[in-house]
Amino acid sequence: MLDPRLLRSNLPAVAAGLARRGLVLDTAAIERLEAERKAAQIEAERLLAERNARSKAIGQAKARGEDVQPLLDEVASLGERLEAAKARFAAIAEQLDALMLQLPNIPHPSVPEGVDETGNVEVKRWGTPKSFPFKPKDHVALGEGLGFMDFAAAAKLTGSRFVVLKSELARLHRALIQFMLDLHTREHGYQEVYVPYMVNADSLRGTGQLPKFEDDLFKLAGESPYYLIPTAEVPVTNLVRDEILDLETLPLKMVAHTPCFRSEAGSAGRDTRGMIRQHQFEKVELVQIVHPERSYAALEELTAHAEAVLERLGLPYRRMLLCTGDMGFGSAKTYDLEVWLPAQGTYREVSSCSNFEAFQARRLQARFRNPEGKPELVHTLNGSGLAVGRTLVALLENYQDEAGRIAIPEALRPYMDGQQYLGY
RNA sequence: GGAAGCGUGGCCGAGUGGUUUAAGGCAGCGGUCUUGAAAACCGCCGAGUCGAAAGGCUCCGUGAGUUCGAAUCUCACCGCUUCCGCCA
C-alpha cells in the first residue's frame, strides 16, 4: 500500500510515479473522494465528541443526585445523527481503502521504463554456455530417459502440471535444497525458519497477494478459509506483521524452504511441457527486514546471495533489471536471475529479488523503534535462493552428456554420498 | 471432538455500567545524590488517526448488539491453558 499521506499531500507525484507503470490515475476522482472523506470524518468525530461530553455530564449529574431526565431529552436525537454520520464516513473510507489496495508500488527512479519483458535490461552475465558436440536434450527427455521423472504418474495421481521424481533424481532434488539452505545459513548469515504452508487472508493481504490476485492462489474448501502459500515470502514476511522491532534486531535475515502452490490461472498453454511451470514446486526463499536507509544495499546483497547458488553450481546466468511494466505489484525494484537452458537455447527465470520498500510494511504494520523512540516502517525484501525445480531442470540440461548421463556438480556431491553422475 | 477456565499497554496486573484521562508494579529513558555504580528519591514513559491550529476521535482478543454512556452487560467467532477423547 502506498502512503495515504503522500496521496493526499502530493497526488501529482504519485500519479507520475504510477504513470511509469503505464497506470493512469483518476486524480480528480481521488481528490473528490478525499474531500468527502475529510468532511464526513470531521462531522462524525464532532458528533462523537459531543456525545461523549454529554454522557459524561449525565454521569456527573447522576452522581450528584440530580434529575437527569432533561439531559436525556436533550441528547435524544443525537444518536440518529451520529449513526448517519458514521455510516457516511464508513462508506467513503471503504471506497478509498479499496482504491488504495488496488494501487501498485511506485518504481524506484533507477528502474527503466517499459511495457513488458522486452523492456528489461541485462545488467550482468556470468559463465559461458557450454557448446555441446551433439544436440542437447531437454530435461523431460533426460529425466524420463533415466526413468526418474514421471509426468504420467503425476497426472494420474492429481492432474496436469505436477511431477513425480524418483530415485537419484528425487535425491538430487533434495540435495539442492540442503545445499541452498546450508549456503545461506552458514555463509550468508540467514536464520533458517520453518513455517506453515497454509496461511490466512490477513497474511496474504499483508504481502500484497490479496485482494488483487486471488485467482493465482489455491484456497482450501474446508471450514477454515486458508490458502496454500504461493511462496514462503508470505508466511516469513508476515512474521513481523504488527510487530515493533528493536533497532538492534535489524536487519532480520531469514531463509525458508517450502513448497509453493500456484494455480497458474492465465497461464494455460504456457510451458505445459516439463517442470518449468507447475502447480507445486519447492523453493528456498530469502527474506530481509531492514532499516529503510539500507534497503537498496540489501537488495544488491540479497541478489548476490542468490547468484552465489548458481555460481557454486557452475550454471551460467544473467541478471535482468526488470522494467516498470514487468515488475510485480508491490515491488519498487526487482532483479530477475535467469539461468541458461541449453535445450531451449535461452535463459529462464530461477529467481526474482525485490525491494518492496515500505509497501508491504505499511500493510503489515511492521515497524522498528527509531532512536527518538518513535515507530517507523521497516523495508522488506525477498528473493528466491533459488526455485528448486527450475534449478534441477538447469542441472539436467547443462550437465548432460551424449549418453544422457548427468554430471553432479562438485558442490552437491557431499549431499549425494560423493556420487559423480546420475545414471550409468 | 467434549468439558472447564482465561484473553487489559513492552511485561506483570487492578478494574463488574458514569470524573477511567485504564490504578499499581516491573522494565526503559532523564534527573537529584555519588569519584563511579547500586540503592533511594523526583520526573517522563502505548499505538493509530483527523485537523492549519486549538483540540478531537479510535483502540482493553475480533466482530455484532444493549445503553444517553461499555474494559465492565448480551451474542457469535478467534486464540491460549488444563483435563478427557482421537492421533503422526
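Per the working numbering, residue 5 is the first one in the first sequence, and the count goes up by one each step.
Glycine residues also receive a C-beta, built at the ideal position from the N, C-alpha and C atoms.
- Residue closest to ASP30, alpha-carbon to alpha-carbon, out of VAL18, GLU40 and ARG41: VAL18
- Can you tell me whether ASP330 is buried or exposed, with buried defined as 16 or more other CB within 10 angstroms of its CB? buried
- Have a look at ARG36, LEU232 and ASP250 and flag the residue whose alpha-carbon is nearest the alpha-carbon of ASN378. The sequence shown places Lys at residue 378, not Asn. Selected option, being the one with the closest Cα: ASP250.
- Query: If you follow the alpha helix (DSSP H) that LYS90 is part of, which residue opens it and which one closes it?
  - Reply: 82-106
- Fully enclosed by the stretch 340-367, which beta strand (DSSP E) runs are 3 residues long or longer? 350-359
- Short Cβ contact (7 angstroms threshold) for VAL144 with GLY278: yes
- Query: Rounded to whole angstroms, how far is the Cβ of LEU385 from the Cβ of ALA365, which I believe are closer than 8 angstroms?
  - Reply: No, LEU385 and ALA365 are not in contact; Cβ-Cβ is about 11 angstroms, not under 8 angstroms.
- What's the C-alpha gap between ALA411 and GLN292? 34 angstroms
- Message: For a quick check, are the C-beta atoms of ARG266 and ASP275 less than 7 angstroms apart?
- Response: no
- Taking the C-alpha atoms as reference points, what is the distance between ASP77 and ILE46? 25 angstroms
- Beta carbon of ALA65: closer than 6 angstroms to some heavy atom of the ligand GDP? The ligand content of the structure shown is nil, which means the ligand GDP is not present either.
- Query: Excluding five sequence neighbours on each side, which residues of the same chain lie with their C-beta closer than 6 angstroms to the C-beta of VAL259?
  - Reply: HIS188, TYR194, GLU196 and LEU290
- Message: Could you compute how far the alpha carbon of ASP120 sits from the alpha carbon of THR328?
- Response: 8 angstroms
- Rounded C-beta distance between LEU314 and LEU341? I'm assuming under 8 angstroms. 7 angstroms
- LEU161 classed as buried or exposed, judged by whether at least 16 other C-beta atoms fall within 10 angstroms: exposed
- Task: Check THR384 in the structure and name its three-state DSSP category.
- Result: Note: THR384 maps to strand in three-state DSSP.
- Closest by CA to GLU401, which one among LEU86, GLN284 and LEU146? Per the Cα distances, LEU146.
- Task: Please confirm whether GLY334 and CYS357 have their CB atoms less than 7 angstroms apart.
- Result: no
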